[in-house]
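The structure appears below as structure tokens.
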Amino acid sequence: MLHTLTLAEATEGLKNKKFSSVELTKDLLERIKKVNDGLNVYVTVDDEGALKMAAEADERLASGKNVTPLTGVPVGIKDIFNTQGVRTTCASPFLKNFVPPYDATVVTKLKEAGFVLAGKQNMDEFASGGSTEHSCFGPTKNPWDPTRVAGGSSGGSAAAVAADMSFYALGTDTGGSIRQPASLCGVVGLKVTYGRVSRSGVTAMASSWDSIGPFGKTVQDVATVLQYIAGKDVRDATTPAVEVPDYSKALGQSVKGLKIGVPKEYFGAGLDPEVENIIRTALKEYEKMGATVSEISLPYTSYAVAVYYIAMPAELSANLARFDGIRFGAKPKAPVKDMIDYYYQARNEGFGDEIKRRIMIGTYVLSAGYYDAYYVRAQKVRTLIRKDFDDAFKNVDVIMTPVSPFPAFTIGEKKDDPLAMYLADVFTIPVNCAGVPAISLPCGFINKADKKLPVGLQIIGPQFSEDKILKVAAAYEQATDWHTMKPAL
Ligand code: GLN
Numbered sequence: 070m071l072h073t074l075t076l077a078e079a080t081e082g083l084k085n086k087k088f089s090s091v092e093l094t095k096d097l098l099e100r101i102k103k104v105n106d107g108l109n110v111y112v113t114v115d116d117e118g119a120l121k122m123a124a125e126a127d128e129r130l131a132s133g134k135n136v137t138p139l140t141g142v143p144v145g146i147k148d149i150f151n152t153q154g155v156r157t158t159c160a161s162p163f164l165k166n167f168v169p170p171y172d173a174t175v176v177t178k179l180k181e182a183g184f185v186l187a188g189k190q191n192m193d194e195f196a197s198g199g200s201t202e203h204s205c206f207g208p209t210k211n212p213w214d215p216t217r218v219a220g221g222s223s224g225g226s227a228a229a230v231a232a233d234m235s236f237y238a239l240g241t242d243t244g245g246s247i248r249q250p251a252s253l254c255g256v257v258g259l260k261v262t263y264g265r266v267s268r269s270g271v272t273a274m275a276s277s278w279d280s281i282g283p284f285g286k287t288v289q290d291v292a293t294v295l296q297y298i299a300g301k302d303v304r305d306a307t308t309p310a311v312e313v314p315d316y317s318k319a320l321g322q323s324v325k326g327l328k329i330g331v332p333k334e335y336f337g338a339g340l341d342p343e344v345e346n347i348i349r350t351a352l353k354e355y356e357k358m359g360a361t362v363s364e365i366s367l368p369y370t371s372y373a374v375a376v377y378y379i380a381m382p383a384e385l386s387a388n389l390a391r392f393d394g395i396r397f398g399a400k401p402k403a404p405v406k407d408m409i410d411y412y413y414q415a416r417n418e419g420f421g422d423e424i425k426r427r428i429m430i431g432t433y434v435l436s437a438g439y440y441d442a443y444y445v446r447a448q449k450v451r452t453l454i455r456k457d458f459d460d461a462f463k464n465v466d467v468i469m470t471p472v473s474p475f476p477a478f479t480i481g482e483k484k485d486d487p488l489a490m491y492l493a494d495v496f497t498i499p500v501n502c503a504g505v506p507a508i509s510l511p512c513g514f515i516n517k518a519d520k521k522l523p524v525g526l527q528i529i530g531p532q533f534s535e536d537k538i539l540k541v542a543a544a545y546e547q548a549t550d551w552h553t554m555k556p557a558l
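Quick look at the structure:
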């Protein structure tokens, strides 16, 4: 049962020699074997590699040198991070057999900290989706109710942490892909400030939006992981030399006097009344702890989804142009007539439907004659959305909202209705427009039939205020016990 531990508990157990990293890793691999078929969380499990890394970690733990809280703890990560020698597919037919020759910077950093890589987790193809149904491996199922989605695009990573199949995990968040699955699976998920964590070696979706962050069973665990992945990287020019504070230090401090803003635009039509109720109850809890809650306005909120679904596909189509079946991606299987036909075939076989849809939208909005009307205009409105947040943070310390307008939906419910799927992102996308950090924190459950469906609270802060958000989240976590609840599996 070692797999039920939090990261902090696993670290403690390793330190006190209650168990070894090999024992911990074997236990996790057993757990994965037992529940993965039902949930479809991992797309690759590297038993052999994991046990080798665990044995090395045990040597390191025995020597007492260079030991970190991550040393010897086995985890999986989203299948978008390059892992040297371990298949990295982005859940795309195009990359189904791709084995990267190098590690992403975050993977290098985790290796330096002594982590153990157990495997790679399911996702929407090239991170494009909100349900992990757009995966060439099929959908990940929600551990709380396997007839429902885990959210997306980092659904495999959120579900892995919720189902005790990973002590923590890494995901990417371009329009909500860490926070939304975290909310739907009942775990903690942190989207960092744009540029806080290096994206080198992580397949780009939409470059001016992409960010990376951890999932964990607790706020403390997320803070610990962030400590080891944040910071400037010479391989990613968007990572500034902003100091990385001690993220654990602020945890446990009081939120007395904290000013919380609640944007009225996030509580209108489309929000499930039960979700609203749970969020309002969480806000009351903060008031009990001495924080003040006031209504604010982020007037450009309603444009965010439109801005994102113009600008994101434009960037995605440019980023995916490199997949031609020659330099990147698999060769076409069908016979081809000439070079152009080769590209057509390779891209037709290699990309799934949702990616094709986005490439078409993206190339359209970037084409001559439409560029100014769509792409440039979207960028201008994006600046206004960002200004909304700048203005709001002059008066409040943090902003609190729901993460998702509804709890986990059923598999298949929205898959063929892109607009309905895109609306799942209404509360997460504005944060990516502004590039600010936000966390999803478990704050209650909705009972549907005989199942409990988790709901997450979103806490948003100004740029590079991850330490503040973590502190605010930890205070709530200490006052409640939502994070201790587990799905019956
Ligand atoms: N659901 C959003 C989309 O479909 C977000 C994706 C993401 O953050 N990677 O684009």
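For the sequence shown, our numbering gives the first residue as 70, with consecutive numbering after it. We put the beta carbon where it would ideally sit given N, CA and C, even for glycine.
Out of the options, which one is the CA nearest neighbour of residue i?
i, options, result
"leucine 120", "Gly141, Leu108, Ala390", "Gly141"
"alanine 196", "Ser223, Lys180, Asp172, Met554", "Ser223"
"alanine 273", "Glu92, Arg391, Gly107", "Arg391"
"threonine 157", "Ile424, Pro471, Glu194", "Glu194"
"arginine 265", "Gly300, Asp422, Phe236", "Gly300"
"lysine 178", "Ala228, Arg268, Pro169, Asn464", "Arg268"
"cysteine 159", "Gly133, Met192, Val445, Tyr171", "Met192"
"aspartate 279", "Thr241, Gln322, Pro215", "Thr241"
"tyrosine 171", "Thr152, Tyr491, Arg100", "Thr152"
"serine 246", "Pro215, Asp233, Ile281", "Ile281"
"leucine 253", "Ala232, Thr243, Glu92", "Ala232"
"isoleucine 101", "Gly431, Gly225, Val311, Gln322", "Gly225"
"glutamate 535", "Met554, Asp393, Thr293, Ile428", "Thr293"
"serine 473", "Arg446, Phe336, Tyr412", "Phe336"
"threonine 497", "Glu78, Gly199, Leu139, Pro342", "Gly199"
"alanine 415", "Ala227, Ala447, Met429, Asp393", "Asp393"
"leucine 389", "Gly421, Val450, Lys286", "Gly421"
"arginine 248", "Leu186, Pro556, Gly525, Ala275", "Gly525"
"glutamate 181", "Met122, Gly339, Asp290", "Met122"
"alanine 227", "Val185, Val271, Thr287, Gly419", "Thr287"
Only counting the same chain, and skipping five residues up and downstream in sequence, which positions put a Cβ closer than 7 Å to that of residue i?
i, result
"arginine 426", "Pro487"
"valine 505", "Thr262, Phe458, Ile529, Gly530, Pro531, Gln532"
"valine 104", "Ala232, Met234, Leu558"
"aspartate 302", "Thr174, Ser267, Ser269, Thr308"
"alanine 548", "Glu354, Met358"
"threonine 80", "Pro138, Val142"
Between the alpha carbons of residue i and residue j, how many angstroms are there, rounded?
i, j, result
"histidine 552", "leucine 435", "44 Å"
"serine 277", "asparagine 85", "44 Å"
"alanine 493", "lysine 484", "12 Å"
"tyrosine 355", "tyrosine 545", "7 Å"
"phenylalanine 462", "threonine 113", "42 Å"
"isoleucine 409", "phenylalanine 163", "18 Å"
"alanine 319", "glycine 326", "15 Å"
"threonine 479", "aspartate 407", "44 Å"
"lysine 147", "alanine 238", "7 Å"
"threonine 129", "asparagine 135", "It should be pointed out that residue 129 corresponds to arginine in this sequence rather than to threonine. Between arginine 129 and asparagine 135, the C-alpha separation is close to 7 Å."
"leucine 145", "lysine 520", "Strictly speaking, residue 145 in this sequence is glycine, with leucine absent from that position. Those two C-alpha atoms are separated by around 27 Å."
"alanine 399", "isoleucine 424", "16 Å"
"valine 175", "isoleucine 298", "6 Å"
"threonine 432", "cysteine 502", "21 Å"
"valine 405", "glycine 481", "35 Å"
"alanine 251", "valine 445", "32 Å"
"asparagine 109", "glutamate 99", "15 Å"
"proline 382", "asparagine 166", "25 Å"
"glycine 183", "threonine 243", "28 Å"
"methionine 469", "alanine 447", "25 Å"
"aspartate 460", "valine 500", "14 Å"
"lysine 540", "isoleucine 395", "48 Å"
"serine 161", "phenylalanine 206", "8 Å"
"glycine 188", "leucine 139", "16 Å"
"leucine 352", "proline 342", "15 Å"
Whose C-beta lies closer than 6 Å to the C-beta of residue i among residues of the same chain, with five residues either side of it excluded?
i, result
"isoleucine 508", "Leu259, Ile528, Ile538, Ala542"
"proline 208", "Thr201, Glu202, Ile480"
"valine 155", "Asp115"
"valine 168", "Arg156"
With a cut-off of 8 Å, does the C-beta of residue i fall near any C-beta of chain D?
i, result
"leucine 488", "Annotation note: the requested chain D is absent from the structure, which comprises a single protein chain."
Please list, in chain order, all residues of the same chain as residue i whose beta carbon is under 8 Å from its beta carbon, the five residues on each side excluded.
i, result
"lysine 517", "Asp214, Pro476"
"glycine 82", "Leu71, Leu74, Phe88, Leu93"
"serine 323", "Met358, Gly359, Ala544"
"valine 374", "Tyr491, Leu492, Asp494, Val495, Ile498"
Between residue i and residue j, how many whole angstroms is the CB-CB distance? I'm expecting something under 8 Å.
i, j, result
"phenylalanine 17", "valine 256", "Residue numbering for the chain in the displayed model covers 70 to 558; residue 17 lies beyond these limits and cannot be assessed."
"valine 465", "isoleucine 329", "6 Å"
"valine 313", "valine 362", "Wrong, their Cβ atoms sit about 30 Å apart, outside the cutoff."
Practice task
Flag this pair as touching only if the stretch 338-358 and the stretch 504-524 have three or more C-beta atom pairs under 8 Å; answer yes or no.
Solution key: At 8 Å Cβ cutoff, the stretches touch.
Exercise for the section: Evaluate contact between the stretch 438-450 and the stretch 307-314, counting only Cβ atoms and requiring at least three cross-stretch pairs below 8 Å. Expected result: no
Handout entry: At least 3 beta-carbon pairs within less than 8 Å: the stretch 446-457 vs the stretch 356-370
Key = yes
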